[in-house]
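Per my numbering, the very first residue in the sequence shown carries number 2; after that it's consecutive.
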Amino acid sequence: MSYNRLSPEHDARYSPGTQPRYHDRSPSPVRLRPPPGQYEPEYGPPPPQQQQAPLRLEMPMASSDRLAMQPSYSVTNVHNSYGQNDQYEAQYHPGYGPSPGDYSISPEAHHDAYFTQAYSPHPQGDYALENYPVAGDDDSRPILRPDSTYGLDVAAAQPSYAEQPYGQEQPYGQEQPYNHDPAYGQDLGAPPPPRPSPGPIRRWKTVKEVQLFQGNLVLDCPVPPTLLNQVPHAQPPERDEFTHMRYSAATCDPKDFYNDRFTLRQRLFAKPRHTELFIVVTMYNEDEFLFARTMIGIFKNIEHLCSRTSSKTWGKEAWKKVVVCIVSDGRAKINERTKAVLAGLGVYQDGIAKQQVNGKDVTAHIYEYTTQIGLELKGTQVSLKAGSKTPVQLLFCLKEKNQKKINSHRWFFQAFGRVLDPNICVLIDAGTKPGRDSIYHLWKAFDVEPMIGGACGEIKVMLDHGKNLINPLVATQNFEYKMSNILDKPLESSFGFISVLPGAFSAYRYVALQNDKNGEGPLEKYFKGEFMHADAGVFTANMYLAEDRILCFELVSKRNCRWLLHYVKSATGETDVPNRIAEFVLQRRRWLNGSFFAAVYAIAHVHQLWRSDHSAMRKLMFLVEFTYQTINMLFAWFAIGNFFLVFRLLTFSLGGEDGPLGTAGTILGLVFEFVYLGTLLYCFILSMGNRPQGFASVFQNATFFGLIVSLVSTYVLWFVASLLFFDPWHMFTCFLQYLILTPTYINVLNIYAFCNTHDITWGTKGDDKPEKLSSVTVKPGGKVEVQIPQDDGDLNEQYAAELDKFARKPPKEEKKVNPAERKEDYYKSFRSNVVVAWMISNFILCAVVLNISGFERIDTKSTAAQNSTIYMAVILWSVAGLSVFRFAGSCWYLVARLFRGV
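Below, the structure is given as C-alpha cells:
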C-alpha cells in the first residue's frame, strides 16, 4: 500500500464497475514502472550500486491506497526526512491552489520520481541551526519530495559546518556511541558518515518551519526504525501508511471538526476508503492490562473479518473497511503505561503534541497510524507481537481535558463520524473484551434486517475460569447479568424496543442516529446532557446519567422513521464488575437513578411513538411493553416498603399459637424487626451525607441475611429459561449468593440512590492539571515553527523507553486519599454518628415508655391475619405474573431467532 503515490497501477480491481460509490471516477492512464533491479533509459540514469539491506518486507501495492498530497515536517539535508530545498522554494509558492510547475499540473506523469527513501541508516550530523535554509511547506505538493530521482543529492547534503555538541546542551551525562544497524540501508553515493549522535535521547532539538495544512497543524511523523523494520512496508524510494504516523492538533469543538477543514487519513487516499465498521474504545485511566485485553479482542475480530473470503463485504482486505478509534478522556488522566502500549503500536509519539496553535487552545490531539503490531497477555503482563498478518487502522484521540464519556462520544460521532461517514458504529468500553467473532455478528444483524437501528450483545462477567465466583458480590452480579440476558433482553427485543443498549458493547447504524434538517434527532437529545449540568433541573440531570436510554427511546420514536432495536445473543463481550462494595454502591447509584428517571421520561413521552412511521401493530406492541415497564417501575418505587412488609409478616408468623416457635418465635420476630428498622435507618443517614469510600465497612456489613421472599414458581422459571438458552451454570454457581445479597439490592442500593439524587457526577474526581506543552504561532507566509524529533537514534531510543514502561510489572498502587477528602469524611462521619446515637436513643425511649412497635404483641393474638394474607397474595401473584411475562417473551425471542438467524 503505497502511502503517497499518485500514478495508479493495476486499477482493474478498483474499476468504476466494481465501486458503485465512485461511479463518476474515470481511471487514470497506466504507466508501469520497471521492476526493481531493472533499468530503462526513460527513467533516467541508473542508480549507483548500494548495499542491500538484509530485511526486505514487501507490501503489495494498490492504486487506491495512494495518499493525496499533504504536508509533513521535514528538514533539508537531514538523512532520515527529506524535504523541500532552495530550488523548490524558488519554483513553488505557498498557497492552496495549484502551484506552477509540472508536479502540480500533471503529477501522474512523474510516477515515483519524486519519492525517495524515508529513512537513512545514519544519525543526523551536528549542524548549526542558524545555517539551515528556510524551508516552507506547500499543501499542494506531495509529502517528502526528494531532490533527485533516486535519492538525496549527496553533494548538497555534505556538511561544511558544525554546531555545538548536544552534550553541552543536555545535562544527561556522557555521550554514548551510536551503534549503526546495517538493516536500515545505505545512502546512495556512500559519503563519509557524519558524526554519531550521543546516547541519551536528544529530544525536540530541531526548530522547523512548516506550512499549515488547510489552516491546521498537521504533521507526518516517521515511526521509529525499530518498529518499522519488524513489519512489512514499502521500500525506499516509496513510502506507505506504515512508515509515518499522522498528528493533527484539533483546536475546535467536535461539532466544528469537519467545518474547520480537519480530515482523516482514510479520506486522503487516491480512492478514499469506505468505512463499513467504525469502532470506538472509550477510556479514562484504565491500566495497560485492561486496554490490551480490549484491543486483543478487537484485533481478533478484524482477523475474523479478513478470513471470511466468501463474503461480499469482507475478505482478505477487510481491514481497510474497519477503523478503530481510541478516545482517552483527558491528557492528565491517561495511564502512562497504557500510553506506552499505544506508542508500542506506533499510534503515539511523545513530544509531538502542541498546547496552542496560533493562540487557540488545542482541544484534542489526534494520532493516526496503521499498525501491524499485535498484543498478547501473559498473566497480567502486556507484550508486543510483531508481524501481525492483519493491519489495523488506528485513530487515537487524546483529549486535552477530562470532559466525561459523553464528550468522548461527541468526538466519535460528530467529529470523526462526519468525516468517515461509516455504516455501522460499534461502542466498546476499555476493559470489555469482545468475543472472537462478536463484532461480525453485531454487523450481521444490521445486514440481515435493514430496519435495525441499534443492537447489543450479551455482556458477560469476567470470571477468570471461575475464580472470581469466590467473591459473592461478583457472583451476584454474574447471576443478575445472566438473568437479564435470558429474560429481559430477549423480551424487549421481541417487541422491537430495548430500554438500554449498554455502552460497554453495542452498535448503531450511523444514518439512523443523524438529526433531521432542523437539527433535532437522536444525537441531539443524546449530547444534550453534556451542556445541561450547570442550569438543568435535578430530574433532567439524573435522567442524563443514563443518556444511552434516552438515545434508545429517541431512536425508536424518530420522526417519520421506523427503526428497531435488537438483541444479538451470539455477540458476547466480557467485562469486569466491581468487586468491592464501595465501588458497587457508586456504580448502582448512577445506574438506578439514571434508569429510573429515564424510564419516567420514556413513559411520559410515549406519545412520541405516534410520530414515527411504525405500523399500527408495532405501535400496539410498544404500548404493551411500556405498560409492562410502568408496572416494573412501580415495583421499584415501592420495593423497600414491600420488602419490609413481607419481612415483618413472615417473621411475625413464626410466633403465636399457630406458629412453629410459639411465644419464642414472636419474641424472635420482634428482635429481627428492630434490627431491620435500625439498620434501615442507619442506611438512610449514611446515604444522606457520606461517600461510600468513607464508610465502605458499614455498607459491607449492612448485608441483610433475613428471610428471602418470592414465589417458588419464579425460581423454577429462572431454571427453565436458563436451560432453554443452554446456559444454566450460573444457577448453580451464583444463585445462592444472589439470594443472600438480594436485600442489599433492594435496601442499600435504592436508599443510597434516592438519597443522592442531587449527585449527578459519574463517580470520577476532578481534572488534574496536565503537563504544559509547547505552542506554535503562525508567521507571515502561513508558516509555523515546531520543535520536532528527527534522528533515527532518537526515535529508536524513545521507542525503547516507551516499551520499557510496560515491559516490567507495574508497581503496587497505593491508594492515596486526598487529605481534604479524609478530613471531610471525618467530619461527616462524626456528624452522622451523633445523629444516629441521638435518633436511636430517642426511639428506644419512646418504645419503652409508650409500649409501641410491637411489645404488646408478645402475649396477644394478631388481629391482622386476614389482611396479611390478602397483601401477601397480591405481592406474590404479581411477582409470578411478571416472571411468566418475561419467560414468554424470551421463548418468543428463541423461536424468532430460529427463523431469522441472528
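We treat Cβ as the ideally placed atom computed from N, Cα and C, and that holds for glycine.
If you draw a straight line from the C-alpha of residue i to the C-alpha of residue j, how long is it?
i    : j    : result
D489 : Y482 : 10 Å
K313 : K461 : 31 Å
V342 : N519 : 43 Å
E318 : Q373 : 14 Å
K322 : K559 : 28 Å
N302 : K355 : 34 Å
F675 : L681 : 10 Å
G455 : S384 : 35 Å
Q357 : Q630 : 50 Å
M622 : N424 : 28 Å
P195 : P225 : For P195, the predicted structure reports a pLDDT of 42, less than 50, and the residue's modelled location is therefore unreliable. The matter cannot be settled from this model.
Q350 : Q588 : 34 Å
I499 : L306 : 27 Å
G663 : G380 : 58 Å
N132 : T310 : With a pLDDT of only 40 at N132, under the threshold of 50, the placement of this residue in the model should not be trusted; the figure read from the coordinates follows. Using only the alpha carbons, I get a separation of about 56 Å.
C222 : F300 : 24 Å
F886 : G436 : 30 Å
H615 : R411 : 29 Å
E803 : G316 : 34 Å
Y894 : I453 : 15 Å
G666 : L724 : 39 Å
G574 : L671 : 47 Å
G522 : L514 : 7 Å
Q609 : A603 : 9 Å
S308 : R338 : 32 Å
When you compare each of the options to residue i by their alpha carbons, which one comes out closest?
i    : options                   : result
D438 : S571, V672, I632 and K810 : S571
W638 : T477, K400 and F597       : F597
D549 : N260, V512 and A505       : A505
L213 : D351, D261 and S654       : D261
V325 : L552, W878 and M296       : M296
P451 : F417, M484, I280 and C562 : C562
Y511 : K379, G670 and L278       : L278
K386 : V885, Q515 and L228       : L228
A605 : L624, P473 and R619       : L624
V896 : C457, G216 and L492       : L492
S507 : V232, V281, N230 and S884 : V281
S654 : G642, A640, I641 and F673 : F673
T477 : P233, T734 and F900       : T734
M463 : D448, P473 and N479       : N479
Using a C-beta cutoff of 8 Å, does residue i count as contacting chain C?
i    : result
G497 : The chain inventory of the structure shown lacks chain C, comprising one protein chain alone.
Looking at residue j and residue i, is the spacing between their C-beta atoms short of 8 Å?
i    : j    : result
W320 : V393 : yes
T252 : T364 : yes
K434 : R294 : yes
L218 : F417 : no
K334 : Y285 : yes
M634 : A599 : no
G890 : S495 : yes
K432 : D577 : The sequence shown places Gly at residue 432, rather than the Lys named in the question. Yes. Within cutoff.
G497 : L566 : yes
I367 : V647 : no
C1   : Y509 : Residue 1 lies beyond the range of the chain shown here (2 to 903); nothing can be said about it.
With a threshold of 16 other CB atoms inside 10 Å of the CB of residue i, please say whether the residue is buried or exposed.
i    : result
Q799 : buried
E555 : buried
K526 : buried
N580 : exposed
T628 : exposed
F414 : buried
F888 : buried
E41  : Any answer about E41 is weak, because its pLDDT of 42 lies below 50 and its placement is not dependable; what the coordinates show is given next. E41 should be labelled exposed.
Q236 : buried
I471 : exposed
V475 : buried
K340 : buried
W878 : exposed
D362 : exposed
Using a Cβ distance threshold of 8 Å, determine whether the region 275-291 contacts the region 243-254, with at least three qualifying pairs required.
Below 8 Å, too few C-beta pairs join the region 275-291 and the region 243-254 to call them touching: fewer than three.
How do the region 325-332 and the region 406-417 stand: do at least 3 beta-carbon pairs fall below 8 Å, yes or no?
Contact between the region 325-332 and the region 406-417 is present, because at least three Cβ pairs lie under 8 Å.
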